[in-house]
Each structure stands twice: as C-alpha cells, then as structure tokens.
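Q: Here you go, one structure.
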Amino acid sequence: MHPEQVVSMALFEPGGLGETVTGQLFTYCYIHTPSMLRLLNKRYVKMSRQQIEKLLRSLYTGTSAPTDPERLITVLQDEIRGKFECGENDMDDWQLSGIGAFRLKWNLLSTIPQIQCPTLWLRGKNSVLVKQSEMERAVALARQGGSEAALTTVPNAGHMLPLEQPETANRAVLEFLNRTTK
C-alpha cells in the first residue's frame, strides 16, 4: 500500500474495522427512510447547547472526562450548523453507502495486512463507536502482514480522542514517530 510514500501511520479510531455497527438494522432503516437524514439535521440545528452536550456524551465521549468539554460542544455545534447550511446529511457518504440491513457492505479488514509501515492505532477507552475488539483485530492483522503495529488505549476519552485528550494523544503520536521514523 505505497510503502515508498508512507513511512508510518497513526490512526485514530478509523472506520471500516467491523462487520456490523451497533444498532445495525435501526441505522439501516434510519438512513433509508426518505427525508429522515435531512429532517434530523433540522432538529439538530435547533438544539440548545445543553442538548448538544447530551448528544455529544451519548454518541462520542461516553463517560470520558474531556480536557475541554466546552470546546467539544462548540466543534459539534459548528459541524451540525455547517452540514445543515450546506445541505449535507448528518452522516458521511462512506457511512451511508456502507451500512446494509444486517452487516456492513464493506470493511477494510482484508487490506490491513497489506500495510507495510509501522502503525499506531489509537482508541479512546470510553468510545461507543469503535470497539476495543475491532482495534485489537486490526493490530493483529497488521502484524500478520509483517508490520510493526501498536495499540494505545487512552483513558478518559471517547471517539473524539484527539479533541478530548489532545496532550495525551499528541504525546503518544510523537513518541511513536520518534521511535519509528528516521
């Protein structure tokens, strides 16, 4: 996978590691109900700051203790507003095209052994979107392909790890890069 161009990689909770998502059938029905994505965008954009915080905790941070929760709320509000104003759906295209009724239509599992560089896989311990077992399997697949691979699980962080615990995330990446690049 382009070893001449990529010396090492740090991956923060990448998508495409599982065969299903939590609430698979519900999510499939949600994204295939006409106008539902746009309807919920309208609802999200009208949410108060307190409602955004509740959404943030339920979907992204879980029970973590972000270093700057107010910043995270602002980031999520800006994303919701931007998607609404630009007429985008609340889910990304790769998510919309990949979710089938009972399993994902695609994942990246077969390509992971092709990685030919050291990889650092980072996950927030409280993440509700990417499972620990999925990250562990990805690291094992990278190692099976012959690459150095390590998993760092950061406490007090959820899916938005780099924004929730930036100093810890930056330190882990810097240590990894110092060790694996020349």
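Each residue of the sequence shown is one higher than the one before, counting from 327 in this note's numbering.
Ideal placement from N, C-alpha and C gives every residue a C-beta, glycine not left out.
Note that the structure is a prediction, hence the values are computed from the model and not measured.
With C-beta atoms as the reference, is Ala-483 less than 8 Å away from Glu-490?
A: Taking 8 Å as the Cβ cut-off, Ala-483 and Glu-490 qualify as a contacting pair.
Q: Would you mind giving the Cβ-Cβ distance between Leu-382 and Ile-357, rounded to the nearest angstrom? I have them listed as a contact below 8 Å.
A: Actually they do not touch by this definition, with Cβ atoms about 21 Å apart.
Q: Are the stretch 466-476 and the stretch 368-379 touching, with three or more C-beta to C-beta distances below 8 Å?
A: Judged by Cβ distances under 8 Å, the stretch 466-476 makes no contact with the stretch 368-379, as fewer than three pairs qualify.
Q: Using the three-state DSSP reduction, which class does Trp-432 fall into: helix, strand or coil?
A: In the structure shown, Trp-432 sits in coil (DSSP, three-state: anything other than H, G, I, E or B).
Q: Verify whether the separation of the beta carbon atoms of Ser-390 and Gly-450 is less than 8 Å.
A: Yes, they are a contact pair.
Q: Does the Cβ-Cβ distance between Val-465 and Leu-477 come in under 8 Å?
A: Yes; because the gap between Cβ atoms is below 8 Å, this pair is in contact.
Q: Just the C-alpha distance for Val-499 and Gly-426, rounded to the nearest angstrom, thanks.
A: Cα-Cα distance, rounded: 34 Å.
Q: Is the separation between the beta-carbon of Leu-487 and that of Glu-339 shorter than 8 Å?
A: Cβ distance < 8 Å, so Leu-487 and Glu-339 count as in contact.
Q: Would you mind working out which of Pro-481, Asn-504 and Leu-503 sits nearest Pro-392, comparing C-alpha positions?
A: It is Pro-481 whose Cα lies nearest to the Cα of Pro-392.
Q: If you reduce the DSSP assignment to three classes, tell me which class Gly-424 lands in.
A: Helix.
Q: Per DSSP, what are the beta-bridge partners of Met-335 in this structure?
A: In DSSP, Met-335 forms a bridge with Thr-445.
Q: Just to confirm the assignment, what range does the beta strand (DSSP E) spanning Ala-476 have?
A: Residues 475-480.
Q: Since Asp-416 and Leu-343 should fall inside the 8 Å C-beta cutoff, what is the C-beta to C-beta distance between them, to a whole number of angstroms?
A: Wrong, their Cβ atoms sit about 22 Å apart, outside the cutoff.
Q: In the DSSP assignment, what are the bridge partners of Gly-450?
A: Paired residues: Val-480.
Q: Quick check on DSSP: helix, strand or coil for Thr-506?
A: Three-state DSSP puts Thr-506 in a helix.
Q: Can you check which of these residues, Leu-446, His-485, Thr-479 and Ala-468, is closest to Glu-501 by C-alpha distance?
A: Checked all of Leu-446, His-485, Thr-479 and Ala-468; the closest Cα to Glu-501 is Leu-446.
Q: From Val-332 to Cys-443, what does the alpha carbon distance come to, in whole angstroms?
A: Roughly 7 Å separates the two Cα atoms.
Q: Report buried or exposed for Gln-403, applying the criterion of at least 16 other Cβ atoms within 10 angstroms of its Cβ.
A: Result: buried.
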